[in-house]
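Here's the structure, in structure tokens; my notes come after.
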Amino acid sequence: MIYLKNITKIKEGEGYPFTPFIKNFKGLSFTKPISIFAGENGSGKSTLLKIIATQMNCVFNDSDNMLAPLDEYFRLSKLKPSTSLHFSAESFIRYINKFDRIMDETLKEIEEIKADPTLSDEAKGFALMPYYRTLNEMQNQYKGVLSQQSHGEGFCDFFLSRLKAGGFYLIDEPEAALSYYNQYVLAYRIALFAKEHNCQFIICTHSPVMCAIPDAEIFEIKDNAISSTSFNELENIRFLERFLKNKENMFK
């Protein structure tokens, strides 16, 4: 279980992340292995997730736009996970670009060493060793080359390769990259790792597939407040049900 608590009255005029929802936020306990944040765009789901990630110090990579330390405002009681990760579709795109750049630079260095007339074959062998090691590690890290897979396939490959026993994972709207089937694949693996490998997940999502993970606790953010709810009571689920029943009339 972790608990996030607002410990300081936030001053008027404070900018992001102190939105009206965050100013009203008092605290929240996460008592189950999987917690879901649901709500409309702009409700504050991603902001709250980013605050937790900042307090956990689980920045995915240096290019992620994380927040400044917020110890003055929030206290997060937590266990120490074996690993932690804050991840979003935007993080994945940045990672692919960085991954491809490193791969290209490694291949370029290899070709330059091979073509260097001043080096003996033995010297070239020694010089090439670290670059071949890097190349081998990158090529074997995933099932395929991430940038050559579909967005959804690469996303699943990347994220699932990072699930470790005892880990803590913050996932921001994974459905942005995934078909409904791949949403199910990811949701199934999340449920499995929570049940059998002592992992904890907090997920921001609009996806009915992700929200349907069995035994997940669901929190809905609306009207600048957060409350516990159930799958069938979520506004986006009720809207989806109305839409599917009346899809022909919805466009008239």
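The sequence shown runs 63 to 314 under the working numbering. Built from N, CA and C at the ideal position, the CB exists for glycine as well.
- Here the C-alpha atom of residue 86 lies approximately 7 angstroms from the C-alpha atom of residue 287.
- In this structure, residue 218 places its C-beta atom within 8 angstroms of the C-beta atom of residue 248.
- Around the Cβ of residue 112, a 10 Å sphere holds 16 or more other Cβ atoms; the residue is buried.
- With 16 or more other Cβ atoms from the protein chains shown falling within 10 Å of its own Cβ, residue 107 counts as buried.
- Under a 10 Å Cβ-count criterion, residue 183 is classified as exposed, with fewer than 16 other Cβ atoms of the shown protein chains found around its own Cβ.
- Taking a 10 Å sphere around the C-beta of residue 89, we find fewer than 16 other C-beta atoms and assign the residue as exposed.
- Distance check between residue 245 and each of 189, 283, 187 and 222 places 222 closest, using alpha-carbon atoms only.
- The beta-carbon distance between residue 145 and residue 279, rounded to whole angstroms, is 22 angstroms. This is too long to meet the 8 angstroms contact definition.
- Going by DSSP, residue 266 is part of the beta strand (DSSP E) stretching over 262-266.
- A Cβ-Cβ distance of about 17 angstroms is found for the pair residue 261 and residue 234, leaving them out of contact under the 8 angstroms criterion.
- When DSSP states are grouped into helix, strand and coil, residue 305 belongs to the helix group.
- Under the three-state reduction of DSSP output, residue 182 falls in the coil class, being neither helix nor strand.
- The Cβ-Cβ distance between residue 269 and residue 281 does not fall below 8 angstroms.
- In chain order, 144 and 145 place their CB closer than 7 angstroms to the CB of residue 226, counting only its own chain and leaving out the 5 sequence neighbours on each side.
- For residue 153 and residue 239, the gap between their C-alpha atoms comes out near 11 angstroms.
- As a beta-bridge residue in DSSP terms, residue 234 pairs with 150 and 266.
- Counting the other CB atoms within 10 Å of its CB gives residue 77 a total below 16, which places it among the exposed residues.
- Counted as a single uninterrupted DSSP element, the beta strand (DSSP E) harbouring residue 287 occupies residues 287-291.
- The alpha-carbon of residue 161 is positioned some 27 angstroms away from that of residue 117.
- Here the alpha carbon of residue 264 sits roughly 25 angstroms from the alpha carbon of residue 303.
- Residue state for residue 284 is assigned as strand, using DSSP reduced to three classes.
- At the C-beta level, residue 193 and residue 164 stay beyond 8 angstroms of one another.
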